[in-house]
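Enquirer: Add 1 to the 1-based position in the sequence shown for the working numbering, that's all there is to it. Yeah, the Cβ is synthetic: ideal placement off N, Cα and C, and Gly gets one too. In this text, all values refer to a predicted model and were calculated from it rather than measured experimentally. Questions regarding the structure given below will be posed in turn.
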Amino acid sequence: MSTESLYPFLHAGSADRAELLADVARSTREKVAEIGRLREEVLAAEADALAACASAMAARFTRGGRLYAFGNGGSSTDAMAVAALYADPGPGQRPLPAMALPSDVATLTALANDIGFDVVFARPLAAAGRQADIAFGLSTSGGSANVLRGLATARERGMLTVGLAGYSGGAMADAAERGEIDHLFVMPSVSVHRIQEAQTTVYQVLWELVQRALGSP
């Protein structure tokens, strides 16, 4: 197979390249505007809920609690970013106990291999979770079985449960309606990229509000 068939834009004439670059620029502007609208929509709709969630999280940290973040795929890297943000926020900010469950590859792969992937977050939370702790689950679909099971286990342990989801919230929204998730924030989009970008904004805002609630280090 020739490179021309794989990458036709490399072999296009100057007029075609100019048109391609114009299309890319237009698409980029549209995506930037789309994520801007989604972020504004979520923050406007959830302002009071975010403040209430941050207050509840701050209360758990005051009691000596730890934050456990978890998710799959891209959400696993977001979970790692959440944990890093709390544990190592930089100069002038209060470091708080936090860890990302997907970072413990040995435990995750052992549980997935020996028992099943559905329990890779639930088992560590059942073993280490305390009533003062926080379970922070991320899922773009809202339907990740292992995230739901992790949140359910955390709830049974008396932990504060916080969820971030996309689309219309999926099974996480159903669980929240039943009172099984304390705080749920849904990014109303069908684009995984926009959902994850908006979730990043939400967990950054939550962190800032928690820091304000706790005061200066």
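(1) Counting beta carbon pairs with one atom in the segment 129-148 and one in the segment 64-72, are three or more of them shorter than 8 Å?
(2) In three-state DSSP terms, what is alanine 133?
(3) Could you compute how far the alpha carbon of asparagine 114 sits from the alpha carbon of glycine 74?
(4) So what's valine 1 in DSSP terms, helix, strand or just coil?
(5) Pick out whichever of Ser77, Gln94, Ala85, Leu152 has its Cα sitting closest to the Cα of glycine 216.
(6) Flag this pair as yes or no: are the beta carbons of glutamate 181 and arginine 158 separated by less than 8 Å?
(7) Where arginine 195 and leucine 165 are concerned, what is the direct C-alpha to C-alpha distance, given to the nearest angstrom?
(8) According to DSSP, what are the bridge partners of alanine 99?
(9) Going by DSSP in three states, valine 43 sits in which element: helix, strand or coil?
(10) In the DSSP assignment, find the unbroken beta strand (DSSP E) run with glycine 171 in it and report its ends.
(11) I'd like the span of the alpha helix (DSSP H) that includes glycine 93, first residue to last.
(12) With H, G and I counted as helix, E and B as strand and the rest as coil, what does DSSP make of glycine 167?
(13) For the segment 76-96 against the segment 37-56, do three or more pairs of beta-carbon atoms, one drawn from each stretch, fall closer than 8 Å, so that the two count as touching?
(14) Whose C-beta lies closer than 6 Å to the C-beta of phenylalanine 122 among residues of the same chain, with five residues either side of it excluded?
(15) Measure the alpha-carbon distance for aspartate 89 versus proline 98 and round it to whole angstroms.
(16) Does threonine 63 come out as helix, strand or coil in the three-state DSSP assignment?
(17) Report yes if the C-beta distance between valine 43 and alanine 199 is below 8 Å; otherwise report no.
(18) Can the beta-carbon of alanine 172 be found less than 8 Å from the beta-carbon of leucine 149?
(19) Going by CA-CA distance only, name the one from Gly91, Thr78, Phe118 that's closest to serine 104.
(20) DSSP on methionine 160, reduced to helix/strand/coil?
Expert: Answer, in terms of the structure:
(1) yes
(2) Three-state result, alanine 133: coil.
(3) 18 Å
(4) With the chain covering 2 to 218 only, the question about residue 1 has no answer from this structure.
(5) Gln94
(6) no
(7) 13 Å
(8) Paired residues: Leu68.
(9) helix
(10) Here glycine 171 belongs to no beta strand (DSSP E); instead the alpha helix (DSSP H) covers 171-178.
(11) First-last for glycine 93: undefined, no H or E at that position.
(12) strand
(13) Verdict: no, contact absent.
(14) Phe71, Leu102, Asn147, Gly151
(15) 9 Å
(16) helix
(17) yes
(18) yes
(19) Thr78
(20) coil
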